[in-house]
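Chemist: Below is a structure I'd like to ask you about.
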Amino acid sequence: MLFTMFLLGLVYLAFLAILAYEGAGLMVMLAFVSIFMLIQYFFSDRLVLMSMGAKIVSESEEPELHQMISRLCAMADLPKPRIAVVDTPMPNAFATGRNPGNAVVAVTTGIRRQLNQAELEAVLAHELTHVKNRDVMVMTIASFLSTVAFFIVRYSFFFGGGSSDRDKGGIWAAFLASVIVWILSSLLIRALSRYREFAADRGSAVITGQPSDLASALMKISGVMPRIPKEDLRKAEGMNAFFIIPAVSGSSIMNLLSTHPPTEKRIAALQKIEREFETA
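Residues 46 to 325 in the numbering used here are what the sequence shown lists, from first letter to last.
So this is what it looks like as structure tokens:
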């Protein structure tokens with residue numbers, strides 16, 4: 046994870062150096078993207094809940110779910126997050142919020158039907174680990190210059206300014222550098238996301254003390270996902286980075302472009318953790 050972040054930092058430093066050398070007039074765009082990312086950072090929980098049609102539920106509405114999360118939060122030394130439910134047959138769960146004090150953990154009605162209590166607790170412990178590790182903040186910061194590069198690719202010709210050969214050369218240099226940075230940073234950010242999923246899986250195993258429960262839950266969820274209508278999967282694909290198992294409408298997805306490790310690798314890692322617990 047640290048090595049991936051180091052590589053991401055090198056890519057970004059090279060990007061900034063090229064822009065500085067070429068003198069591309071991009072300050073307005075940088076300011077715009079900064080504001081955009083701040084809005085995303087501070088309002089991500091509301092945007093995510095709105096996009097999924099999630100409903101915040103009180104303890105009187107979902108006493109069992111609240112008790113389960115309260116118990117896990119006590120074990121993980123976390124403040125209790127808000128809890129939401131999404132009415133969809135797709136079995137999944139996610140966490141959002143910029144820090145533990147503003148977190149939301151959501152589950153779908155589908156996952157509650159598919160998993161037993163121990164498996165659901167393991168999934169919730171995974172999501173709470175994302176909260177404890179401040180993964181939303183980490184991924185927002187990591188994706189900042191990638192977003193800048195994306196906007197430059199789309200709008201560099203409108204923000205370059207001037208008509209001289211040097212001005213045009215600066216625009217093209219910024220454009221080409223942005224394309225390269227956008228591609229490389231997207232790959233590295235997805236790699237970082239995959240490593241953070243492994244970290245959240247380990248966190249779940251430590252909190253519950255039962256890695257096999259999460260392994261069983263992952264197998265059940267991944268087994269049910271292909272039977273979910275493709276229309277429902279397509280609607281949720283934009284949320285893949287948040288889900289415990291990505292919603293994929295196609296038959297397969299390249300590991301390099303995935304936000305999650307292959308399920309079999311996650312299960313293998315959990316089995317290794319279980320052996321570590323047994324020998325400890």
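We put the beta carbon where it would ideally sit given N, CA and C, even for glycine.
Does the beta-carbon of Pro237 have 16 or more other beta-carbons within 10 angstroms, so that it is buried, or is it exposed?
Modeler: Mapped onto the sequence shown, residue 237 falls at position 192. Per the sequence shown, residue 237 should be read as Leu rather than Pro. Result: buried.
Chemist: If you check the beta carbons only, do Leu173 and Leu117 fall under 8 Å apart?
Modeler: The sequence position of residue 173 within the sequence shown is 128, counting from 1. The sequence position of residue 117 within the sequence shown is 72, counting from 1. Yes, the pair counts as a contact, with Cβ atoms nearer than the cut-off.
Chemist: For the structure I just gave you, are there three or more beta carbon pairs, one from the segment 111-128 and one from the segment 147-163, closer than 8 Å?
Modeler: Verdict: yes, contact present.
Chemist: What does the alpha-carbon distance come out to for the pair Glu109 and Ile80?
Modeler: In the sequence shown, counting from the first residue as 1, residue 109 sits at position 64. In the sequence shown, counting from the first residue as 1, residue 80 sits at position 35. Straight-line Cα distance between these residues: approximately 40 Å.
Chemist: Please name the residue in Asn137, Lys317, Leu233, Ile225 whose C-alpha comes closest to that of Val251.
Modeler: Position 206 of the sequence shown, counting from 1, holds the residue named residue 251. For Val251, the nearest C-alpha among the options comes from Lys317.
Chemist: What first and last residue would you give for the beta strand (DSSP E) that runs through Ile290?
Modeler: Here residue 290 refers to the residue found at position 245 when the sequence shown is read from its first residue. That residue, Ile290, is in no beta strand (DSSP E); it is neither H nor E in DSSP.
Chemist: Could you spell out the range, first to last residue, of the beta strand (DSSP E) harbouring Arg127?
Modeler: As a position in the sequence shown, residue 127 is number 82, starting the count at 1. Segment 127-131, the beta strand (DSSP E) holding Arg127.
Chemist: Return yes when the Cβ of Val102 is within less than 8 Å of the Cβ of Gly142, no when it is not.
Modeler: Your numbering for residue 142 matches position 97 in the sequence shown. Your numbering for residue 102 matches position 57 in the sequence shown. No, the pair does not count as a contact, with Cβ atoms beyond the cut-off.
Chemist: Going along the chain, which residues of its own chain have a beta-carbon closer than 6 Å to the beta-carbon of Asp258, five neighbours each way excluded?
Modeler: In the sequence shown, residue 258 corresponds to position 213, counting from 1. The answer, listed in chain order, is Ala163, Glu164, Ala167.
Chemist: To which residues of the same chain is Ser133 closer than 7 Å at the C-beta, ignoring the five residues directly before and after it?
Modeler: Counting from 1 along the sequence shown, the entry for residue 133 is found at position 88. One point to set straight first is that residue 133 is Thr, not Ser, in the sequence displayed. Answer for Thr133: Thr153, Thr154, Gly155, Asp277, listed in chain order.
Chemist: Looking at the structure shown, is Ala262 part of a helix, part of a strand, or coil, going by DSSP?
Modeler: Sequence index remark: in the sequence shown, residue 262 carries index 217 (1-based). Three-state DSSP puts Ala262 in a helix.
Chemist: Does Asn137 pass the burial test, meaning 16 or more other C-beta atoms within 10 Å, or should it be called exposed?
Modeler: As a position in the sequence shown, residue 137 is number 92, starting the count at 1. With 16 or more other Cβ atoms within 10 Å, it is buried.
Chemist: Would you mind reading off the limits of the beta strand (DSSP E) that contains Val152?
Modeler: Taking the first residue of the sequence shown as position 1, residue 152 is located at position 107. Note, Val152: beta strand (DSSP E), 149-153.
Chemist: Rounded to whole angstroms, what is the Cα-Cα separation between Gly295 and Pro307?
Modeler: One-based indexing of the sequence shown puts residue 295 at position 250. One-based indexing of the sequence shown puts residue 307 at position 262. Per-residue confidence for Gly295 stands at a pLDDT of 45, beneath the threshold of 50, marking its modelled position as unreliable; no derived number is given.
Chemist: What separation, rounded to the nearest whole angstrom, lies between the Cα atoms of Met184 and Phe322?
Modeler: As a position in the sequence shown, residue 184 is number 139, starting the count at 1. As a position in the sequence shown, residue 322 is number 277, starting the count at 1. Cα to Cα, the separation comes out at about 30 Å.
Chemist: Considering only their Cβ atoms, is the gap separating Asn147 from Arg179 smaller than 8 Å?
Modeler: In the sequence shown, the residue the question calls residue 179 occupies position 134. In the sequence shown, the residue the question calls residue 147 occupies position 102. Against a cut-off of 8 Å, the Cβ pair of Asn147 and Arg179 comes out as no contact.
Chemist: Would you report the Cα separation of Lys265 and Leu52, rounded to the nearest angstrom?
Modeler: Working through the sequence shown from its first residue, we reach residue 265 at position 220. Working through the sequence shown from its first residue, we reach residue 52 at position 7. Near 35 Å, if we compare the C-alpha coordinates of Leu52 and Lys265.
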